[in-house]
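Below: the structure, in structure tokens.
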Amino acid sequence: MSLGIDWVTEWIRESARVIADHRVELITLDREIGDGDHGENLDRGFSAVIQKLGDLPEGALPGDALKLVATTLISTVGGASGPLVGTAYLKAAGAVGKAEQLDGAAVVALLTAARDGVVLRGKAEVGDKTMIDAWTPAVDAAAAALADGADEAGILAAAADAAEQGAKATEPLVARKGRASYLGERAIGHRDPGSQSSALILRAASDAAAGTSGTGSGSSAPDAS
Amino acid sequence: MKKLINDPKNVVDEAARGIEAAHGDLVDVFYDPIYIVRKGAPVQGKVALVSGGGSGHEPLHGGFVGFGMLDAAVPGPVFTSPTPDPIVAATKAVDGGAGVLHIVKNYTGDVLNFETAADLASADDIEVRSVIINDDVAVKDSLYTAGRRGVAGTVLVEKIAGASAERLDDLETVTRIAQKVNDQTRSMGVALTPCVVPHAGEPSFTLADDEIEIGIGIHGEPGRERIKLEPADAIVDRLLGPILEDLPFASGDKVLLFVNGMGGTPQIELYIVFRRAAEVLKEKGVEVTRSLVGNFVTSLEMQGASITVLKLDDELTELWDAPVQTAALRWGR
Numbered sequence: 000m001s002l003g004i005d006w007v008t009e010w011i012r013e014s015a016r017v018i019a020d021h022r023v024e025l026i027t028l029d030r031e032i033g034d035g036d037h038g039e040n041l042d043r044g045f046s047a048v049i050q051k052l053g054d055l056p057e058g059a060l061p062g063d064a065l066k067l068v069a070t071t072l073i074s075t076v077g078g079a080s081g082p083l084v085g086t087a088y089l090k091a092a093g094a095v096g097k098a099e100q101l102d103g104a105a106v107v108a109l110l111t112a113a114r115d116g117v118v119l120r121g122k123a124e125v126g127d128k129t130m131i132d133a134w135t136p137a138v139d140a141a142a143a144a145l146a147d148g149a150d151e152a153g154i155l156a157a158a159a160d161a162a163e164q165g166a167k168a169t170e171p172l173v174a175r176k177g178r179a180s181y182l183g184e185r186a187i188g189h190r191d192p193g194s195q196s197s198a199l200i201l202r203a204a205s206d207a208a209a210g211t212s213g214t215g216s217g218s219s220a221p222d223a224s
Numbered sequence: 000m001k002k003l004i005n006d007p008k009n010v011v012d013e014a015a016r017g018i019e020a021a022h023g024d025l026v027d028v029f030y031d032p033i034y035i036v037r038k039g040a041p042v043q044g045k046v047a048l049v050s051g052g053g054s055g056h057e058p059l060h061g062g063f064v065g066f067g068m069l070d071a072a073v074p075g076p077v078f079t080s081p082t083p084d085p086i087v088a089a090t091k092a093v094d095g096g097a098g099v100l101h102i103v104k105n106y107t108g109d110v111l112n113f114e115t116a117a118d119l120a121s122a123d124d125i126e127v128r129s130v131i132i133n134d135d136v137a138v139k140d141s142l143y144t145a146g147r148r149g150v151a152g153t154v155l156v157e158k159i160a161g162a163s164a165e166r167l168d169d170l171e172t173v174t175r176i177a178q179k180v181n182d183q184t185r186s187m188g189v190a191l192t193p194c195v196v197p198h199a200g201e202p203s204f205t206l207a208d209d210e211i212e213i214g215i216g217i218h219g220e221p222g223r224e225r226i227k228l229e230p231a232d233a234i235v236d237r238l239l240g241p242i243l244e245d246l247p248f249a250s251g252d253k254v255l256l257f258v259n260g261m262g263g264t265p266q267i268e269l270y271i272v273f274r275r276a277a278e279v280l281k282e283k284g285v286e287v288t289r290s291l292v293g294n295f296v297t298s299l300e301m302q303g304a305s306i307t308v309l310k311l312d313d314e315l316t317e318l319w320d321a322p323v324q325t326a327a328l329r330w331g332r
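So the sequences go chain by chain: A and B. So for the first sequence, numbering that gives the first Met the number 0 puts the first residue at 0; every next one is plus one. So for the second sequence, numbering that gives the first Met the number 0 puts the first residue at 0; every next one is plus one.
Dropping the structure here:
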């Protein structure tokens with residue numbers, strides 16, 4: 000089984016759903032160590048994406064949909080997360096190119112390019128208490144799952160699990176980038192909101208691949224058959 | 000939350016409509032995307048100054064659009080930087096053929112979005128330069144943070160670079176002067192209370208009744224330490240100390256002393272702060288030759304203040320004194 004445009008559009012819809020569901024949680028996390036707008040901004044961006052999704056022409060490719068997400072997020076979210084998450088989708092679109100179907104290797108390439116885009120824009124490293132702390136373990140886990148022979152859904156489930164652990168692992172860290180960096184040691188004990196939203200978006204990708212999106216299960220993928 | 004608003008979603012739009020209604024002689028306001036431009040822009044042959052950032056810091060930046068200061072201001076959502084689209088639209092709207100200077104406060108979102116906008120405008124053959132404002136000494140070590148923030152000193156950069164542009168200096172000169180003002184400006188702030196961002200509906204941080212936060216940025220985000228409330232003079236000394244150590248300002252220097260309110264502190268307290276700051280500077284042999292006191296870079300209704308010191312020379316003094324006509328700053332014209 001490989002993943003096509005249906006997976007990408009379902010990923011986007013599921014992302015919008017979970018971001019809306021977790022809007023207040025993300026605002027609260029951001030208020031603790033940032034300025035409290037993360038949930039609001041992402042919800043505004045993904046709501047705009049959903050409205051534009053209908054504009055995708057018949058026969059649109061995965062890359063087209065990813066590019067639509069990128070440009071919409073960059074032009075609606077603002078703050079730091081607009082350019083960061085937008086660039087992730089832009090680079091992901093570049094990585095999949097004109098492919099109609101994405102196999103496991105293509106999915107790993109997509110995730111890797113997305114992560115590299117965030118690093119490029121934000122100049123953050125693992126341990127800086129940013130969304131990279133979710134993205135990088137997710138990419139590593141996806142690559143390992145591919146090497147172990149997992150299918151696309153299995154790769155994405157591994158990525159989502161690792162992202163969630165990565166987000167949790169930001170709690171004891173001192174932030175070195177973004178608004179939270181001004182808190183110094185007082186950021187310790189708080190989860191980075193960007194890592195949390197990244198984990199939600201990657202879980203949405205996994206749920207969309209497993210056909211479990213919208214069910215609220217949010218757990219690992221069943222065997223794709 | 001107790002605020003004079005209709006709907007949190009419409010706060011920025013309705014405020015812009017108010018600016019348009021109140022100051023229609025000075026500015027034109029565009030919507031979708033939203034930006035504010037100087038009446039009569041673009042001014043042919045003049046370098047255009049564009050600034051912007053999250054809303055909630057009024058009168059920054061919309062209040063400083065007009066003769067001798069900004070050509071355009073781009074307001075983002077409350078405490079959130081604008082996206083590249085309105086920045087590009089504003090940049091194009093005010094380009095008079097002599098290039099555009101972006102004045103950007105050093106906050107990650109502002110820097111990323113203005114950077115993207117500058118790239119897009121440059122692709123359309125508009126010459127864009129950027130100056131990143133980072134006057135906040137509260138942030139100790141830029142190696143381990145996102146770097147010093149751009150705070151109240153931004154107003155001084157906008158005024159002085161605006162005067163340079165108004166006398167038709169070229170882009171290189173206007174950029175050099177903006178950079179010079181930034182390099183010679185140091186600020187530090189204190190919060191006595193938090194503020195409430197309309198869409199969040201709850202305080203953006205919490206402070207006990209007897210606590211204050213030293214070294215805040217313009218969103219109330221912290222920088223140095225949380226301490227028990229002290230008398231005004233002791234707080235001024237805490238703010239001014241790191242400012243004076245940093246440049247460093249020396250005996251015999253002439254400076255502009257700027258005491259800025261964060262939105263919820265009355266003018267009477269700002270003058271108490273100014274009094275002490277001027278006293279300390281005098282003790283150090285530093286002469287205050289220009290001054291500014293008031294709410295210019297605010298943080299919604301937060302109680303607190305910041306102190307900014309700019310080291311002046313003849314060039315900067317002359318440009319500071321030059322006429323300016325904006326909604327929030329006006330003299331000589």
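A virtual CB, placed ideally from N, CA and C, is assigned to each residue, including glycine. Model, not experiment: these values are computed from the prediction.
Pick from the options that is closest to residue i, judged by C-alpha positions
i	options	result
A/Trp10	A/Glu24, A/Val48 and A/Leu25	A/Val48
A/Glu124	A/Lys176, A/Ala146 and A/Val138	A/Lys176
A/Gly53	A/Thr8, A/Glu184, A/Val173 and A/Arg16	A/Thr8
A/Pro56	A/Ile4, A/Asp147 and A/Gly116	A/Ile4
A/Ala113	A/Ala69, A/Glu151, A/Gly153 and A/Ala149	A/Ala69
A/Met130	A/Ala143, A/Asp115, A/Ala144 and A/Ala141	A/Asp115
B/Ile18	B/Pro74, B/Gly293, B/Ile125 and B/Glu224	B/Pro74
B/Asp135	B/Val292, B/Gly331 and B/Ile213	B/Ile213
B/Arg147	B/Pro247, B/Val26, B/Gly44 and B/Arg223	B/Arg223
B/Phe113	B/Ala47, B/Thr174 and B/Gly51	B/Gly51
B/Lys333	B/His56, B/Lys283 and B/Ser121	Residue 333 of chain B lies beyond the stretch modelled for chain B, which goes from 0 to 332, so this question has no answer here.
B/Asp209	B/Ile217, B/Arg225, B/Ile215 and B/Ala122	B/Arg225
B/Asn5	B/Asp94, B/Tyr143, B/Asn133 and B/Pro197	B/Pro197
B/Phe77	B/Val64, B/Val10 and B/Ser121	In the sequence as displayed, the identity of residue 77 of chain B is Val instead of Phe. Comparing Cα-Cα distances from B/Val77 to each of B/Val64, B/Val10 and B/Ser121, the minimum goes to B/Val10.
B/Val156	B/Glu57, B/Val46 and B/Lys104	B/Lys104
Own chain, CB closer than 6 Å to residue i, minus 5 neighbours either side, in chain order
i	result
B/Asp84	Pro32
B/Leu255	Arg289, Leu309 and Leu311
A/Glu163	Ala198
A/Gln100	Ser1 and Gly3
B/Phe66	Gln324
A/Gly58	none
B/Ile234	Val189
A/Ser180	Ala174
Neighbour-count burial assignment, residue i, 16 or more Cβ in a 10 Å radius
i	result
B/Tyr30	exposed
B/Pro265	exposed
B/Lys227	exposed
B/Glu278	exposed
B/Arg37	buried
B/Met0	exposed
A/Glu39	buried
B/Pro230	exposed
A/Asp42	buried
B/Pro221	buried
Unbroken alpha helix (DSSP H) run spanning residue i, endpoints
i	result
A/Asp29	Arg22 to Ile32
A/Gln164	Glu151 to Lys167
B/Phe113	Thr107 to Ala122
A/His189	Run containing A/His189: none; DSSP gives neither H nor E here.
B/Asp313	Asp313 to Asp320
A/Thr135	Ile131 to Ala146
A/Val95	Ser80 to Val95
A/Gln42	The residue asked about is misnamed: residue 42 of chain A is Asp in this sequence, not Gln. Element bounds for A/Asp42: His37 to Leu52.
Where the beta strand (DSSP E) containing residue i begins and where it ends
i	result
B/Ile18	No beta strand (DSSP E) contains B/Ile18, which is instead part of the alpha helix (DSSP H) from Val10 to Ala21.
B/His198	Careful: B/His198 lies outside any beta strand (DSSP E) and carries neither H nor E.
B/Gln324	Val323 to Thr325
B/Val254	Lys253 to Gly260
A/Glu124	Premise fails: A/Glu124 is in no beta strand (DSSP E) and is neither H nor E.
is_contact[residue i, chain C] using C-beta, thresh 8 Å
i	result
A/Glu124	In the displayed structure, chain C is absent; the protein chains listed are A and B.
Cutoff 7 Å; reference residue i; Cβ partners in own chain excluding five residues on either side
i	result
A/Ser212	Glu9, Glu13, Ala203 and Asp206
B/Arg237	Ile213
A/Gln195	Leu25, Leu28 and Ala166
Check your understanding: Given a limit of 9 Å on CB to CB distance, which residues of the segment 176-198 of chain A reach chain B?
Key -> Considering only beta carbons, the part of the segment 176-198 of chain A lying closer than 9 Å to chain B consists of Lys176, Gly177, Arg178, Ala179, Ser180, Tyr181, Leu182, Gly183 and Arg185, in chain order.
Check your understanding: Along the segment 76-89 of chain A, what residues have a CB closer than 8 Å to any CB found in chain B?
Key -> Result list: Val76, Gly77, Gly78, Ala79, Ser80, Gly81, Pro82 and Leu83.
**Study point:** chain A contacts from the segment 287-300 of chain B (Cβ-Cβ distance under 9 Å)
**Key:** From the segment 287-300 of chain B, no residue has a Cβ closer than 9 Å to chain A.
**Study point:** Where the segment 75-90 of chain B meets chain A: residues whose CB sits under 8 Å from a CB there
**Key:** Against chain A - using a Cβ distance shorter than 8 Å - the residues of the segment 75-90 of chain B are Gly75, Pro76, Val77, Phe78, Thr79, Ser80, Pro81, Thr82, Pro83 and Asp84.
Practice item. Return the residues of the segment 165-186 of chain B that lie within a Cβ-Cβ distance of less than 7 Å from chain A, sorted by chain order. Key: For the segment 165-186 of chain B, the set of residues with a beta-carbon nearer than 7 Å to any beta-carbon of chain A is empty.
Point to revise | Near-chain B residues of the segment 8-25 of chain A (beta-carbon distance less than 7 Å), N- to C-terminal order | key: Result list empty, no residue passes.
Point to revise | chain A contacts from the segment 207-236 of chain B (Cβ-Cβ distance under 7 Å) | key: Cβ contacts with chain A: Gly216, His218, Glu220, Pro221 and Gly222.
**Study point:** Residues in the segment 46-80 of chain A having any Cβ partner in chain B nearer than 8 Å
**Key:** Considering only beta carbons, the part of the segment 46-80 of chain A lying closer than 8 Å to chain B consists of Ile73, Ser74, Thr75, Val76, Gly77, Gly78, Ala79 and Ser80, in chain order.
Practice item. Give the residues from the segment 96-107 of chain B that approach chain A closer than 7 Å (Cβ to any Cβ), ordered along the chain. Key: Cβ contacts with chain A come from Thr107.
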